[in-house]
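Student:
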Amino acid sequence: MNVLKNMTLGTRLGAGFATVLALTAIMITLAIMRFISVGELSDKIITKDWVKADAAATINATTRANARRTLELLLVTDQVAVAKIHERIDGNKKQISEALETLDKLVYAPEGKKILAGIKESRVAYVASFSKVDKMVAEGKRDEATKLMFAETLPTLDVLQERIMEISALQKKLVEASGAEIKNDIVSARTLMLIIGLAGMCVGATVAWWLTRTITGQLGGEPDYASSVAREIAAGNLAVDVQLREGDKSSLLAGMKAMRDSLAVIVGQVRQSSDSIATGSSQIATGNADLSQRTEEQASNLQQTAASMEQLTSTVKNNADTACQATQLASSASAVAAEGGVVVGQVVATMEAITASSKKIVDIIGVIDGIAFQTNILALNAAVEAARAGEQGRGLAVVASEVRSLAQRSAAAAKEIKGLITDSVEKVETGSQQVGHAGRTMSDIVAQVKRVNDLIGEISSATSEQTQGISQVGDAVNQLDQVTQQNAALVEESSAAAESLSQQAAKLVEAVSVFRLSHDETRNVIARVQSSSVSQSKPVVAHKPVVSKPAPRWAAAPVKPVRAEAAATAAEEHSEWEKF
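According to my numbering, the sequence shown is numbered sequentially starting from 74.
1) Can you tell me where the alpha helix (DSSP H) with LYS220 in it begins and where it stops?
2) Report buried or exposed for THR84, applying the criterion of at least 16 other Cβ atoms within 10 angstroms of its Cβ.
3) Give me the Cα-Cα distance between ARG467 and SER431, rounded to the nearest whole angstrom.
4) Measure the alpha-carbon distance for SER202 versus THR229 and round it to whole angstroms.
5) So what does DSSP say about VAL93, is it helix, strand or coil?
6) By Cβ distance, which residues of its chain are closer than 8 Å to VAL476, with the 5 residues on each side in sequence left out?
7) Taking its Cβ as the centre, do 16 or more other Cβ atoms sit within 10 Å of VAL619, making it buried, or is it exposed?
8) Between the Cα of SER241 and those of ARG161, LEU173, ALA262, spot the shortest distance and give me the residue it belongs to.
9) Measure the beta-carbon distance from MET424 to VAL498 and round it to whole angstroms, keeping in mind my assumption that it falls under 8 Å.
10) Kindly identify the DSSP beta-bridge partner or partners of ASN449.
11) I'd like to check one pair, VAL508 with VAL421: are the Cβ atoms closer than 8 Å?
12) Measuring CB atoms only, is the region 385 to 399 touching the region 520 to 539, in the sense that at least three cross pairs come out at less than 8 Å?
13) Please name the residue in THR378, VAL276, MET238, GLN345 whose C-alpha comes closest to that of ALA549.
14) Over what stretch of residues does the alpha helix (DSSP H) that includes VAL302 continue unbroken?
15) For ALA88, which residues of its own chain have a beta-carbon under 6 Å away from its beta-carbon, when the five flanking residues on both sides are left out?
16) Who are the Cβ neighbours of MET222 in its own chain at under 7 Å, not counting the five residues just before and after it?
17) Quick one: Cα of ALA308 to Cα of ILE269, how far?
18) Can VAL302 and LEU326 be called in contact, C-beta distance under 8 Å?
19) Ordered along the chain, which non-local residues of its own chain (more than five positions away) have a Cβ less than 8 Å from that of ARG236?
20) Please report the Cβ distance between VAL93 and GLY273, rounded to the nearest whole angstrom; I am assuming they are in contact, meaning their Cβ atoms lie under 8 Å.
21) How big is the Cα-Cα spacing for GLN541 and LYS390?
22) Would you report the Cα separation of ALA312 and ILE339, rounded to the nearest angstrom?
23) Going along the chain, which residues of its own chain have a beta-carbon closer than 7 Å to the beta-carbon of VAL276, five neighbours each way excluded?
24) Can the beta-carbon of GLY547 be found closer than 8 Å to that of GLY418?
25) Quick one: using the 10 Å Cβ neighbour count with 16 as the cut-off for buried, is LYS330 buried or exposed?
26) Do GLY439 and LYS491 have their C-beta atoms within less than 8 Å of each other?
27) Between the C-alpha atoms of ASP151 and LYS208, what's the straight-line distance to the nearest angstrom?
28) Buried or exposed: where does ASP436 fall if 16 or more other Cβ atoms within 10 Å of its Cβ makes it buried?
29) Give the C-beta separation of THR428 and SER537 to the nearest angstrom, bearing in mind that I take them to be a contact with Cβ-Cβ under 8 Å.
30) ALA372 and GLN539 - do their beta-carbons sit closer together than 8 Å?
31) Where does LEU317 fall in DSSP's three states?
32) Considering only residues of the same chain and omitting the five flanking positions on each side of ALA484, which have a CB-CB separation below 8 Å?
33) Report the rounded CA-to-CA distance for ARG318 versus SER324, giving the unit in angstroms.
34) Just tell me which of THR285, ARG286, ASP314 has its CA closest to the CA of ALA299.
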């Protein structure tokens with residue numbers, strides 16, 4: 074029940090209609106299912122049972138027709154007539170075969186299969202006997218054919234007819250069973266629809282009763298009564314009596330009664346507050362006069378502050394100019410140091426090239442020394458060969474001796490040159506190392522000069538920013554001076570606004586007088602508002618004049634003494650104005 078009580082009106086309406094619709098849907102679904110079942114059974118009777126019965130009737134009729142044609146064969150002697158009789162018999166046989174094929178496809182019950190097998194067996198016996206009779210007639214043995222006809226063929230035909238009647242009776246039984254099933258489905262569908270329809274009517278009536286009771290319970294009474302109460306409240310009659318049912322706290326009428334009570338309290342408070350607004354407006358005018366005097370003193374102090382800010386701005390500008398000159402000098406020193414670093418780098422490169430050339434010369438001298446050594450060996454070999462040659466080799470020995478002497482002198486000279494060049498290479502390498510060290514030192518100097526230049530640039534930038542900041546402060550002080558003067562004008566306007574506020578309070582009382590309150594409610598409201606006003610009201614605080622702090626040394630002139638504690642007093646007055 075708690076769940077039902079907590080449901081919204083829309084949810085309750087939706088639940089009620091959903092229940093009725095669900096029952097209707099169930100009834101329609103069951104009816105459709107029954108109709109589908111009836112349709113399937115009807116389709117079965119038409120497409121299967123009726124076809125099987127028709128096939129059995131076809132077999133029965135054509136078999137009897139063939140029996141008559143057989144008797145005609147015994148009586149007719151004209152060959153043309155005999156040929157026509159055979160043609161008709163063959164056509165009937167074809168119909169019988171087609172009917173048997175149909176029964177083979179549609180008969181599934183074991184009993185029907187058994188009867189169909191008997192029909193086929195009897196037909197085989199009948200066809201065999203008929204073939205014998207036909208053959209005898211063709212041979213002219215009519216008497217023997219007649220005897221065979223009555224002795225064998227017709228009894229076989231009777232057996233076939235009996236079995237055909239059995240399958241016909243079976244099909245009739247199946248059709249009757251399907252019809253009975255259709256009838257039962259129709260009866261059960263009618264019964265279910267009747268039961269569900271009655272249940273739907275009962276549920277619908279219950280839901281309608283429940284919804285009616287719920288809606289009237291939420292309204293708290295008749296809609297016309299609620300509408301009349303709303304019109305009275307809209308017309309300003311807050312003394313209208315709202316009658317509720319016993320224990321009703323959540324209905325629409327209960328809410329309207331609570332709204333009426335709340336409006337009565339609010340209107341009473343507004344009536345009482347209008348007098349307080351008038352008193353507050355006079356206090357605001359007094360405070361505005363005091364504020365106007367202090368605003369003029371503040372404007373004088375701001376003018377002195379503006380003069381001091383102009384002097385500070387001039388000093389900072391001089392510092393900024395000096396910083397700019399220092400930045401230019403540092404930039405020049407950095408450029409000179411950078412050029413020195415480049416020259417030292419070129420010297421280092423030249424020394425490295427000299428070192429490489431000296432090493433190549435040492436290599437060449439080594440080659441010359443090797444050639445002299447090999448020449449000396451060749452001269453020794455030539456001297457040995459000249460000694461072996463005797464008198465004929467004496468001239469060669471002299472030449473070999475001279476060549477050996479020259480080779481030794483070349484080797485000695487090459488060694489001396491190699492020693493000198495090696496000493497030069499070592500000195501060049503030492504000089505190259507010293508020049509490299511000087512280059513690194515110059516690079517460090519260049520880096521330090523750049524860093525000094527950057528620092529001076531930052532100092533210059535910071536000084537410029539200070540200059541801009543001080544200029545902005547000066548502008549702000551000037552704007553503050555203008556705003557202060559504007560505030561003085563606004564204070565005068567506030568006095569005029571306070572007087573207008575008093576007039577508006579009178580109009581407010583006149584507007585609120587439209588609402589009518591009962592005598593008891595008015596008295597209670599006035600008592601509550603008076604007690605609240607007494608507990609919250611405070612006297613206006615008088616402000617004592619105080620002397621401001623002296624200005625800094627760089628100020629143009631000392632600041633004159635000003636009145637009253639500005640920040641604390643302003644905050645206190647603001648809170649008092651909020652109470653007004």
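Just so it is clear, CB atoms sit at the ideal spot from N, CA and C, and this is done for glycine as well. Given the structure is predicted, the values throughout are model-derived calculations rather than measurements.
Tutor: According to the structure shown:
1) Mapped onto the sequence shown, residue 220 falls at position 147. It spans 215 to 221 - the alpha helix (DSSP H) in which LYS220 sits, taken as one unbroken run.
2) To locate residue 84, count along the sequence shown from 1; it is residue 11. THR84 should be labelled exposed.
3) Stepping through the sequence shown from its first residue, residue 467 is reached at position 394. Stepping through the sequence shown from its first residue, residue 431 is reached at position 358. Those two C-alpha atoms are separated by around 44 Å.
4) Your numbering for residue 202 matches position 129 in the sequence shown. Your numbering for residue 229 matches position 156 in the sequence shown. C-alpha separation (whole angstroms): 8 Å.
5) Translated into positions along the sequence shown, residue 93 becomes position 20. Reduced to three states, the DSSP call for VAL93 is helix.
6) Looking up residue 476 in the sequence shown gives position 403. So the list reads THR448, LEU451, ALA452, ALA455, once near-sequence residues are dropped.
7) Locating residue 619 in the sequence shown gives position 546, where the first residue counts as 1. In this predicted model, VAL619 has a pLDDT of only 35, less than 50, meaning its place in the structure is not dependable; the value taken from the coordinates is given anyway. The residue in question, VAL619, is exposed, as its Cβ has fewer than 16 Cβ neighbours within 10 Å.
8) Within the sequence shown, the letter at position 168 stands for residue 241. Closest by C-alpha distance to SER241, out of ARG161, LEU173, ALA262, is LEU173.
9) The residue given as residue 424 occupies position 351 in the sequence shown. The residue given as residue 498 occupies position 425 in the sequence shown. With a Cβ gap of about 11 Å, MET424 and VAL498 do not count as contacting.
10) For the purposes of this step, residue 449 is identified with residue 376 of the sequence shown, where counting begins at 1. In DSSP, ASN449 forms no bridge with anything.
11) Translated into positions along the sequence shown, residue 421 becomes position 348. Translated into positions along the sequence shown, residue 508 becomes position 435. The answer is yes: Cβ separation under 8 Å.
12) yes
13) Your numbering for residue 549 matches position 476 in the sequence shown. The shortest C-alpha separation from ALA549 is found at THR378.
14) Looking up residue 302 in the sequence shown gives position 229. Where VAL302 is concerned, the enclosing alpha helix (DSSP H) stretches over 296 to 307.
15) Reading the sequence shown from its first residue, position 15 is the one you call residue 88. No residues qualify anywhere along the chain.
16) Here residue 222 is taken as the residue at index 149 of the sequence shown, counted from 1. Setting aside the 5 residues that flank it on each side, MET222 is surrounded in the same chain by THR143, LEU147, VAL206, each with a C-beta closer than 7 Å to its C-beta; the list follows chain order.
17) Residue numbering aside, residue 308 sits at position 235 when the sequence shown is read from its first letter. Residue numbering aside, residue 269 sits at position 196 when the sequence shown is read from its first letter. Their backbone Cα atoms lie some 53 Å apart in a straight line.
18) Taking the first residue of the sequence shown as 1, we reach residue 302 at position 229. Taking the first residue of the sequence shown as 1, we reach residue 326 at position 253. A contact, by the Cβ cut-off of 8 Å.
19) Taking the first residue of the sequence shown as 1, we reach residue 236 at position 163. Answer for ARG236: ILE188, GLY191, ILE192, SER195, listed in chain order.
20) Taking the sequence shown and counting its residues from 1, the one referred to as residue 93 is at position 20. Taking the sequence shown and counting its residues from 1, the one referred to as residue 273 is at position 200. At roughly 6 Å, the Cβ-Cβ gap stays under 8 Å, so VAL93 and GLY273 are in contact.
21) Translated into the one-based positions of the sequence shown, residue 541 becomes position 468. Translated into the one-based positions of the sequence shown, residue 390 becomes position 317. Roughly 9 Å between the two C-alpha positions.
22) By one-based count along the sequence shown, residue 312 stands at place 239. By one-based count along the sequence shown, residue 339 stands at place 266. So the alpha carbons of these two residues sit roughly 14 Å apart.
23) On the sequence shown, position 203 is the one that residue 276 refers to. Contacts found: THR92, VAL93, LEU96.
24) In the sequence shown, residue 547 corresponds to position 474, counting from 1. In the sequence shown, residue 418 corresponds to position 345, counting from 1. The Cβ atoms of GLY547 and GLY418 lie no closer than 8 Å to each other.
25) Numbered from its first residue, the sequence shown carries residue 330 at position 257. Counting every other CB atom within 10 Å of its CB across the protein chains shown gives LYS330 a total of 16 or more, marking it as buried.
26) Taking the sequence shown and counting its residues from 1, the one referred to as residue 439 is at position 366. Taking the sequence shown and counting its residues from 1, the one referred to as residue 491 is at position 418. The answer is yes: Cβ separation under 8 Å.
27) For the purposes of this step, residue 151 is taken as the residue at position 78 of the sequence shown. For the purposes of this step, residue 208 is taken as the residue at position 135 of the sequence shown. Approximately 16 Å between the Cα atoms of the pair.
28) Residue mapping note: residue 436 aligns to position 363 of the sequence shown, counting from 1. Classification of ASP436: exposed, given that the 10 Å Cβ count is below 16.
29) On the sequence shown, residue 428 is found 355 positions in, with the first residue counted as 1. On the sequence shown, residue 537 is found 464 positions in, with the first residue counted as 1. In fact, because the Cβ distance is near 52 Å, the residues do not count as touching under 8 Å.
30) Translated into positions along the sequence shown, residue 539 becomes position 466. Translated into positions along the sequence shown, residue 372 becomes position 299. No.
31) By 1-based counting over the sequence shown, the position of residue 317 is 244. In this structure, LEU317 counts as coil in the three-state DSSP scheme.
32) Counting from one through the sequence shown, the residue named residue 484 turns up at place 411. Closer than 8 Å at Cβ, skipping near neighbours: ASP442, ALA445, PHE446, ASN449.
33) Translated into the one-based positions of the sequence shown, residue 318 becomes position 245. Translated into the one-based positions of the sequence shown, residue 324 becomes position 251. Their Cα atoms are separated by approximately 10 Å.
34) By 1-based counting over the sequence shown, the position of residue 299 is 226. Comparing Cα positions, the closest option is ASP314.
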